[in-house]
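Below: the structure, in C-alpha cells.
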Amino acid sequence: MPAGQTSNLMALRDPDIRLMLRVRDDDPTAFAELVQRFQHRLIAVLHHLVGDRDEAEDLAQEVFLRIYRHRKRYSPRARFATWLFTIANNLALNALRNRKRRPAQPLEITESGSLCHEPQQLPPNANSSSCLPVKRLHQEELAVVIQRALETLNERQRLAIILNKYEDMNYADIAQVMGLTTKAVKSLLSRARARLREALQGYIDIEDGSMPSSSPDDSAVSPANP
Amino acid sequence: MSKPVPGAPLPSDDADPLDPLDEELVAYLDGELPEEQARQIEQRLAADPQLRRRAILLKKTYELLDYLPRPEASPDFATRTLEKIPASPRSTASLLPPAPAGTANGPPSTSMPIVLTSSVRPALASLVTHRSIRSLLIFAACLLVGGSGGYLLLTSLALPGRSLSSPASSVEPATVEHRLIAMLPLYIGVDDLSFLLRLAEPEYFGDDPLVETAPGRSSPGPPGEADAWPAAVWEQLIHSYRHLPPARQAALQELDRDLFAQEPVERDYLLAILEAYAFWLSNLPEDQRRSILAASDAAQRLQRIRELREQQWLETLPGEQQKQLRALSTPERIEAVRRLKRQEADRREAWSLVRRHAEEIAANRIPWPFHDEGLRRAVLDFAARAFQLHETGKIRLTANESSRYHTLLTQAEQHGGWNWFHYGREVYNLSRKYERYLLPEPIGKPITDFADLGATARLFDKGRVASFVNPHRGKWPEFALAIQDYVNTIPPHERPKLPPLGPTRPSELRDPLRQVVERELLPKLRPHEQKILQMHEGKWPDYCRELRKWAWFYDVSLPGMMLPGSPRQWDNWYGPRPALPPLVPRFFPFLPAPPRH
Chain F
1 MPAGQTSNLM ALRDPDIRLM LRVRDDDPTA FAELVQRFQH RLIAVLHHLV GDRDEAEDLA
61 QEVFLRIYRH RKRYSPRARF ATWLFTIANN LALNALRNRK RRPAQPLEIT ESGSLCHEPQ
121 QLPPNANSSS CLPVKRLHQE ELAVVIQRAL ETLNERQRLA IILNKYEDMN YADIAQVMGL
181 TTKAVKSLLS RARARLREAL QGYIDIEDGS MPSSSPDDSA VSPANP
Chain W
1001 MSKPVPGAPL PSDDADPLDP LDEELVAYLD GELPEEQARQ IEQRLAADPQ LRRRAILLKK
1061 TYELLDYLPR PEASPDFATR TLEKIPASPR STASLLPPAP AGTANGPPST SMPIVLTSSV
1121 RPALASLVTH RSIRSLLIFA ACLLVGGSGG YLLLTSLALP GRSLSSPASS VEPATVEHRL
1181 IAMLPLYIGV DDLSFLLRLA EPEYFGDDPL VETAPGRSSP GPPGEADAWP AAVWEQLIHS
1241 YRHLPPARQA ALQELDRDLF AQEPVERDYL LAILEAYAFW LSNLPEDQRR SILAASDAAQ
1301 RLQRIRELRE QQWLETLPGE QQKQLRALST PERIEAVRRL KRQEADRREA WSLVRRHAEE
1361 IAANRIPWPF HDEGLRRAVL DFAARAFQLH ETGKIRLTAN ESSRYHTLLT QAEQHGGWNW
1421 FHYGREVYNL SRKYERYLLP EPIGKPITDF ADLGATARLF DKGRVASFVN PHRGKWPEFA
1481 LAIQDYVNTI PPHERPKLPP LGPTRPSELR DPLRQVVERE LLPKLRPHEQ KILQMHEGKW
1541 PDYCRELRKW AWFYDVSLPG MMLPGSPRQW DNWYGPRPAL PPLVPRFFPF LPAPPRH
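Just so you know, the protein sequences line up as chains F and W, in that order. Start counting the first sequence at 1; every next residue gets the next number (my numbering). Start counting the second sequence at 1001; every next residue gets the next number (my numbering).
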C-alpha cells in the first residue's frame, strides 16, 4: 500500500489525527479541542515524570505550543498520541537534564506538587478500603508508598511504565515515543517492573496460587485458560 | 526509599541485572509475547508454583499503580495555553469546539434568495432564475466590472499550487468554459472544491437559511428559460476570466470540473452553498469583503469568514443579551454562546421541518412513501419484522414506543392524509434507534443459543459471560451480537475461533438481499470502495454494517436492513433536517475523490 494511502487510512481510524489535521488547516476551534482532549492525559504523564505540578503544566504548555508551531508540517505517520508523547518525552528529558545542571534543590512535596494527598483523585474503585489488595493501609498511605516506589525508577523506566499503564501503550508505541527499539523497551519495562515488585511486594497479599493471566481479570472464562 | 533529588545520579537501566525470565513474564503479562511463546510460558506457569508466585507478584504490584492519584490539569490550563497562541483576531466563540449541528446564522436580510436551478445546461440561460438575478448582477458588477479594483481582487486570490491531474478540455471544452465563465461570480471567493466543502459545514453556510430553502434537492423545479447575463456583463465576465493568471484559471477549471462531476443532488446542494456565500459576500462592507478575498491562502480566508459570521451572529442577539454576554468571564461566555446556539439550532430544526413540508401539510396530502400503496405495505411489513411487533416476548420496542407506534399507525390508517407523516417519522426514528439489530439472517439456521455455537459453547455458557449472554438466548441477532461483544473484550491472540455468526460476504446473504447487493449496490462501488468493503469480508457484523453504509451512500435500500424506498428520500422527508449530501470527500475526507461518471 502506498505511503499516502496508509496515512489516509490511519487518519480515518484515529479521530485524534483527524483533529490534528484540522489544526494543521487552521480550523480555529480545533486547537482548543485538542488542548481540552489531551491536557489531563499529558499532565498526568508529565507530572509523574518530573514530580512537580507547576513544572508539568509548563512543559505541557510547551508541548501544545510546539504542536501548534509545527502544525503546518504535520503529516500523519503514527497514532497522534504517540507523536504528542514523543514531543513531551523530549521536552521533559531536556528539563530534567537542565535541572541536574542547576544547583540541587530538594524536590519537596509542595502543595502544588503533591501527587499524593488528593483522595478525590483516586480511581473510583479505590473508594472502599476493603477492595485494596494490601493489608492494613489507608489509601493515602498507599498512594505515598507507591509514589515512592515509582520514584526509585530512573526517568526512562518511569516514563515507560507510565505510558504503558496510563496511556495503555504497547511496546511498539512506547519504543516510538522514546526512540528505542521494541526489544529495548521490553528490557526497560522488565527491569522497572522487577524493581517495583521489590519495592512493593511487602504490601501485596497473595492468597492463592491461581494462574496469572494476561487477559483482563477473567481467567475463569478466558479461552486461553479454559 | 526516598524521593529522587534532582542533581543526584539516577539509577541507570543497566545497573539492574536483567533477568531473562522476568523479561518473558512481564511481556507475557502485557500481552506482548507471540502466541507460541505465550503458550510455553503458560505451560511453565502451570507446572511451577515458584514461577507462578513471581508472575503474580509482578502483576499485582503493577496493579497497585492504579491506586496512584492521576494528576489533572488545573482548571485554567486550557485557557492559559490558548492565550499563548500567536495572536490572531479571534472572536469569543472561536475558541469553542465546533458546536453541534446548527450554528452560525446568516446576517439578517430581507432580500430574496438567490436561486439556481438544479438542471445543468451548457447554455448560460439555464443557470440563474429571474428572481435573484439582480443581486447577482450587482455582485458581479461590483467585483468584476467595477474597474481595476474588482479585477485586482479577483486576481489577488492566492491559490494553492497544484498540478492538474487531467486537462480541462477532456469534455466539451467550449461548453465547459462557457459554463465556467457564467459561473464566475459564484466562484469568485472560492479556492477549490475542498474549500467549498468547508463552506458547506454548519459553522459556515451549511445552516444558512438560503441553503435550507433552496429548491432542487427534494423537488427540483423546472429550469429557468429566459434568464441570461446581459450582453455587457457577459463581455466583462469573459474579459475578466481571460485576464486571470493562468494558475487561477486552471484552479477555476478544476473547481468547476469537480463541482459538476458530483451527483446532481450533491451538486445542487453545493450550488446553494455557493449562492449563499456569494450573496453574503456581496452584502459585506467593502473592507470586510476585501479582507476575505485578499487573504493569503484558503485557511486564512476560511478563518476570516468564520470570524465575520460569528461576529454577525453575536450582533443578531438582543442588546440586553449581548450586554449579559460581555459581562461574563471567557469560559462562561463560551458556555453561554454554546447554549444559545444549541437553542437556536433546535428552533431552526422545527421550522425547517414545517418549511419543507408546508405544501403537503396545508393540502393534507399523503406524504412519500405512503402515497404509494405498495411502498406503504412494504414499510408496514418492514416495521413488523424489524421491531418484531408480533412476536410475543421478543418485541424490540419499549412499552411506550410500542403504544405510540400503534396509536400513530391507527390514526394514519383511519384519518389518512398528513397523519401518515407522523407515523413515517416514528418508523424512521425507531429504525435508526434499532439499526444495530437490523442485520440479515444467514442462509442456514441463525445462531440464537449456546447449542448453535458447537464446541466453543463451553466458553460462554457459565459464569459472568453466561449472565451477560443469557437474556438474549433465542433471539436473532441479539444473541450473536452479545457473543461477539464479549469476544471483542478478549485480547486478539486469545480469542476463540467461533462458528460464523452471520453472513460476511455476498454469497452468504439470502435473497432478495443478495440480489440487491449484487445487482444494484456492488456495481455502483468504485474500485477502492469495493476494496474497503472486501476488507470487511469475514468479519461479522462489521461486513453488514459496511454494506449498509455504502447502500445509504449510493441511495440503495437493502431489504430487511433498511426502510423500503430511497434512503435519501427518507432522510429528506423524515430526518431532522435535509440530509447533507454524502459527498465522497465528506464521507472520507482524506481520500482523494476520483471524478464520478
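We put the beta carbon where it would ideally sit given N, CA and C, even for glycine. The structure presented is a predicted model; accordingly, all values stated were derived computationally and were not measured.
Legend entry - Cβ pair W1540/W, G1502/W closer than 8 Å: Position 540 of the second sequence, counted from the first residue, corresponds to residue 1540/W. Position 502 of the second sequence, counted from the first residue, corresponds to residue 1502/W. Closer than 8 Å, so yes.
Inset, instruction - Examine chain W for any beta-carbon lying closer than 8 Å to the beta-carbon of S130/F, and answer yes or no. - result: Start at 1 with the first residue of the first sequence, and residue 130/F comes out as number 130. Legend: pLDDT at S130/F = 37, less than 50; position of this residue unreliable, no value from coordinates given.
Inset, instruction - Consult DSSP for L1509/W and reduce its assignment to one of helix, strand or coil. - result: Working through the second sequence from its first residue, we reach residue 1509/W at position 509. Here L1509/W sits in strand by DSSP.
Inset, instruction - Rank Y1574/W, K1497/W, G1565/W, W1570/W by C-alpha distance to the C-alpha of G1538/W and give the top, closest one. - result: Counting from one through the second sequence, the residue named residue 1538/W turns up at place 538. Closest option to G1538/W, Cα to Cα, is K1497/W.
Inset, instruction - Please determine if the stretch 1468-1475 of chain W and the stretch 1435-1454 of chain W are in contact, where contact requires at least 3 C-beta pairs separated by less than 8 Å. - result: Output reads yes: the stretch 1435-1454 of chain W touches the stretch 1468-1475 of chain W.
Inset, instruction - Give the interface partners of V35/F over in chain W, defined as CB-CB distance under 7 Å, in chain order. - result: Translated into positions along the first sequence, residue 35/F becomes position 35. Neighbours of V35/F in chain W, taken as residues at a C-beta separation under 7 Å, are given in chain order as A1078, T1081, L1082.
Inset, instruction - Using alpha carbons as the reference points, say which of A1047/W, A1027/W, D1048/W lies closest to L1038/W. - result: The residue given as residue 1038/W occupies position 38 in the second sequence. Here the sequence assigns Ala to residue 1038/W, which means Leu is not the residue at that position. Checked all of A1047/W, A1027/W, D1048/W; the closest Cα to A1038/W is A1027/W.
Inset, instruction - Give the single residue among F64/F, Y74/F, A143/F, I87/F whose Cα lies nearest to the Cα of K1084/W. - result: As a working mapping, residue 1084/W is identified with position 84 in the second sequence. If you compare the alpha carbons of F64/F, Y74/F, A143/F, I87/F with that of K1084/W, the shortest gap goes to F64/F.
Legend entry - S1074/W at chain F interface by Cβ criterion, 8 Å: Counting from one through the second sequence, the residue named residue 1074/W turns up at place 74. Judged by the 8 Å Cβ criterion, S1074/W is in contact with chain F.
Legend entry - Backbone CA spacing between A81/F and E1359/W [nearest angstrom]: Against the first sequence, residue 81/F aligns to sequence position 81. Against the second sequence, residue 1359/W aligns to sequence position 359. Between the C-alpha atoms of A81/F and E1359/W there is a straight-line separation of about 52 Å.
Legend entry - Within-8 Å CB hit, Q1037/W to chain F: For the purposes of this step, residue 1037/W is taken as residue 37 along the second sequence, with counting starting at 1. So no, Q1037/W is outside the interface.
Legend entry - When T1504/W, L1509/W, Y1434/W, L1521/W are compared against E1478/W, the one with the closest alpha-carbon: Residue mapping note: residue 1478/W aligns to position 478 of the second sequence, counting from 1. The shortest Cα separation from E1478/W among T1504/W, L1509/W, Y1434/W, L1521/W belongs to Y1434/W.
Legend entry - Beta-carbon proximity of L1430/W to F1387/W, cut-off 8 Å: On the second sequence, residue 1430/W is found 430 positions in, with the first residue counted as 1. On the second sequence, residue 1387/W is found 387 positions in, with the first residue counted as 1. Against a cut-off of 8 Å, the Cβ pair of F1387/W and L1430/W comes out as a contact.
Legend entry - Under 8 Å from the C-beta of R77/F: neighbouring residues of chain W: As a first step, residue 77/F must be located in the first sequence, where it is residue number 77. Annotation: R77/F has no Cβ neighbours in chain W at a cutoff of 8 Å; minimum Cβ distance is about 14 Å.
Legend entry - For P1285/W, the three-state DSSP class (helix, strand or coil): Along the second sequence, read from residue 1 onward, the residue named residue 1285/W stands at position 285. Note: P1285/W maps to coil in three-state DSSP.
Inset, instruction - Consider the Cβ of L180/F: report whether some Cβ of chain W lies at a distance smaller than 8 Å. - result: The residue given as residue 180/F occupies position 180 in the first sequence. Taking Cβ atoms only, chain W never reaches closer than 8 Å to L180/F, which makes this a no.
Legend entry - Same chain, Cβ closer than 7 Å to D1258/W, five either side skipped, listed in chain order: The residue given as residue 1258/W occupies position 258 in the second sequence. L1193.
Inset, instruction - Mind checking the stretch 142-157 of chain F against chain W and listing, in chain order, the residues whose C-beta falls within less than 8 Å of any C-beta there? - result: Across the stretch 142-157 of chain F, CB contacts with chain W closer than 8 Å involve L142, A143, I146, Q147, R148, A149, L150, E151, T152, L153, N154, E155, R156, Q157, in sequence order along the chain.
Legend entry - Which of helix, strand or coil DSSP assigns to R18/F: Residue mapping note: residue 18/F aligns to position 18 of the first sequence, counting from 1. Helix.
Inset, instruction - Identify whether L1143/W lies in helix, strand or coil by the three-state DSSP scheme. - result: Counting from 1 along the second sequence, the entry for residue 1143/W is found at position 143. Residue confidence for L1143/W is low, a pLDDT of 49 falling below 50, so the modelled location carries little weight; the figure read from the coordinates is stated next. Helix at L1143/W.
Legend entry - DSSP beta-bridge partners of P1230/W: As a position in the second sequence, residue 1230/W is number 230, starting the count at 1. Bridge partners of P1230/W: none, in fact.
Legend entry - For P1442/W, the three-state DSSP class (helix, strand or coil): As a first step, residue 1442/W is located in the second sequence; it is residue number 442 there, counting from the start. P1442/W falls in the strand class under three-state DSSP.
Legend entry - The alpha helix (DSSP H) enclosing E198/F, as first and last residue numbers: To locate residue 198/F, count along the first sequence from 1; it is residue 198. Bounds of the alpha helix (DSSP H) holding E198/F are 182-200.
Legend entry - Residue span of the alpha helix (DSSP H) that contains V1465/W, given as start and end: Counting from one through the second sequence, the residue named residue 1465/W turns up at place 465. From DSSP, the alpha helix (DSSP H) with V1465/W extends over 1463-1469.
Inset, instruction - Taking all protein chains shown into account, decide if L1599/W is buried (16 or more other Cβ within 10 angstroms of its Cβ) or exposed. - result: Residue 1599/W cannot be examined here, being either before or after the span of chain W that is shown, 1001 to 1597.
Legend entry - Environment of E1307/W [buried if 16+ CB atoms lie within 10 Å]: Walking along the second sequence from the start, residue 1307/W turns up at place 307. E1307/W is buried by the Cβ-count criterion.
Legend entry - Cβ separation of T1061/W and R197/F, assumed to be a contact under 8 Å, to the nearest whole Å: For the purposes of this step, residue 1061/W is identified with residue 61 of the second sequence, where counting begins at 1. For the purposes of this step, residue 197/F is identified with residue 197 of the first sequence, where counting begins at 1. Confirmed, about 5 Å.
Legend entry - Contacts around G1565/W, its chain only, beta-carbon distance under 8 Å, and the 5 residues preceding and following it disregarded: Start at 1 with the first residue of the second sequence, and residue 1565/W comes out as number 565. The residues are W1368, P1369, L1375, A1378, V1379, S1557.
Inset, instruction - Give every residue of the same chain whose Cβ lies closer than 8 Å to the Cβ of E62/F, excluding the five residues on either side of it in the sequence, and list them in chain order. - result: Indexing the first sequence from 1 puts residue 62/F at position 62. These residues qualify, in order along the chain: L91.
Inset, instruction - Under 6 Å Cβ to Cβ from L1018/W, same chain only, skipping five residues before and after it: list those, please. - result: Residue mapping note: residue 1018/W aligns to position 18 of the second sequence, counting from 1. Within its own chain, no residue has a Cβ closer than 6 Å to the Cβ of L1018/W once the five positions on either side in sequence are excluded.
Legend entry - Simplified DSSP assignment, three categories, for E1518/W: The count along the second sequence starts at 1 and reaches residue 1518/W at position 518. When DSSP states are grouped into helix, strand and coil, E1518/W belongs to the helix group.
Inset, instruction - Using only alpha-carbon positions, find the residue among G1454/W, A1482/W, E1024/W, E1042/W that is nearest to R971/W. - result: In the structure as shown, chain W begins at 1001 and stops at 1597. Residue 971/W is therefore absent and cannot be evaluated.
Inset, instruction - Would you please state the rounded distance, in angstroms, between the beta carbons of Q38/F and L84/F? I believe it to be under 8 Å. - result: Locating residue 38/F in the first sequence gives position 38, counting from the first residue. Locating residue 84/F in the first sequence gives position 84, counting from the first residue. A quick correction: the sequence has Phe, not Gln, at residue 38/F. So it is a contact: roughly 6 Å between Cβ atoms.
Inset, instruction - Please confirm whether R1309/W and Y1204/W have their CB atoms less than 8 Å apart. - result: Locating residue 1309/W in the second sequence gives position 309, counting from the first residue. Locating residue 1204/W in the second sequence gives position 204, counting from the first residue. Against a cut-off of 8 Å, the Cβ pair of Y1204/W and R1309/W comes out as a contact.
Legend entry - Which listed residue (Q1515/W, G1454/W, R1505/W) has its alpha carbon closest to that of K1531/W: The count along the second sequence starts at 1 and reaches residue 1531/W at position 531. Comparing Cα-Cα distances from K1531/W to each of Q1515/W, G1454/W, R1505/W, the minimum goes to R1505/W.
Inset, instruction - Leaving out five residues on either side along the sequence, give the residues of the same chain with a beta carbon under 7 Å from the beta carbon of D1555/W. - result: Taking the second sequence and counting its residues from 1, one reaches residue 1555/W at position 555. So the list reads S1566, P1567, R1568, once near-sequence residues are dropped.
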